[in-house]
Amino acid sequence: MRFEIMHLDDVDGTPVDTTVVDAASVNRIVQQAAAIGQRLWIRPAETTVS
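Per my numbering: the sequence shown = residues 47 to 96.
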């Protein structure tokens, strides 16, 4: 499963950067953000069925 992670602006909470990662990478990114107090929004990435 893949997740979309948006880094949020510290002042108004608007997304400033978006990354799509696999499930194994989510924990590492959350730990890094927590260490520096960065706000994130995480949601399942949209997938297209062929």
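Glycine is no exception: its CB is placed at the ideal position from the N, C-alpha and C atoms.
Bear in mind that the values here come from a model prediction, so they are computed numbers and not experimental data.
Which value, in whole angstroms, describes the spacing of the CA atoms of residue 92 and residue 66?
The residue labelled residue 92 in the question sits at position 46 within the sequence shown. The residue labelled residue 66 in the question sits at position 20 within the sequence shown. So the two alpha carbons sit approximately 10 angstroms from each other.
What number of angstroms, rounded off, separates the C-alpha of residue 83 from the C-alpha of residue 56?
Working through the sequence shown from its first residue, we reach residue 83 at position 37. Working through the sequence shown from its first residue, we reach residue 56 at position 10. Distance between the alpha carbons of residue 83 and residue 56: 9 angstroms.
Helix, strand or coil at residue 67 [DSSP, three-state]:
On the sequence shown, position 21 is the one that residue 67 refers to. Correct three-state label for residue 67: strand.
Just to confirm, are residue 49 and residue 72 a CB contact at a threshold of 8 angstroms?
To locate residue 49, count along the sequence shown from 1; it is residue 3. To locate residue 72, count along the sequence shown from 1; it is residue 26. Closer than 8 angstroms, so yes.
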